[in-house]
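**Q** According to this note's numbering, the stretch in the sequence shown is residues 115 to 249, in order. Ideal Cβ placement from N, Cα and C applies to all residues, glycine included. Because the structure is a prediction, the values reported are computed rather than measured.
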Amino acid sequence: MVYDAIIIGRGPAGISTAIYTVRANLSTLIIGKHDSVLLKADKIENYYGFEQPISGKELILTGENQVKRLGAEIIDDEVIGIEKDTNFTVYCVNGSFEARTVLLATGSPVVKAPVKNLNKYEGRGISYCTTCDGF
């Protein structure tokens, strides 16, 4: 199958992009690992439309469920290359896919400080978003 759009990245940017592509009746495949930094957020209170706090994991899963309901497909895989001929071929660890368009929504890598027990406190005191958590 040749998709109209392949979105690389399944964090908030990728999921938001997919909402628009599927609503425009474009066949859409989202490829990415389930590793968004948002998954580490224990409690989000500044997101429009949610009366109660929501975890980052819940927010990501809600978005994924929304785009699946609208018709997008999501694959948990790592992209290792892209080639352009008539269409784009996106190569992953576990296969390859073709599309007319490729959109990159990979987010920003987090640079972690060398702190003992860092993973234990991420999202619970150790944060990576100054705008979100620096008040």
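Alpha carbon to alpha carbon, what distance is there between F164 and I120?
**A** If I take the Cα positions, the gap works out to 29 Å.
**Q** Throw me the rounded Cβ distance for the Y205 and I194 pair, which I believe falls under 8 Å.
**A** 5 Å between Cβ atoms; contact.
**Q** Within its chain, find whatever has a CB closer than 6 Å to the CB of V116; leave out the 5 residues flanking it on each side and keep chain order.
**A** These residues qualify, in order along the chain: N201 and E212.
**Q** If R238 sits next to D156, beta carbons under 8 Å apart, how far is it from one beta carbon to the other, in whole angstroms?
**A** Confirmed, Cβ separation roughly 5 Å.
**Q** Look at S150 and I158 and say whether their C-beta atoms are less than 8 Å apart.
**A** No, these two residues do not count as a Cβ contact at 8 Å.
**Q** Closest to G128 by CA distance: which of V229, V216 and N231 is it?
**A** Closest by alpha carbon: V216.
**Q** Apply the 10 Å Cβ neighbour rule to A138 and answer buried if 16 or more other Cβ atoms are within range, or exposed otherwise.
**A** Exposed, since its Cβ has fewer than 16 Cβ neighbours within 10 Å.
**Q** Could you tell me the distance, in whole angstroms, from the CA atom of K226 to the CA atom of L218?
**A** One C-alpha to the other measures close to 23 Å.
**Q** On the criterion of 16 or more Cβ atoms from any shown chain inside 10 Å, does V181 qualify as buried, or is it exposed?
**A** Per the 10 Å Cβ criterion, buried.
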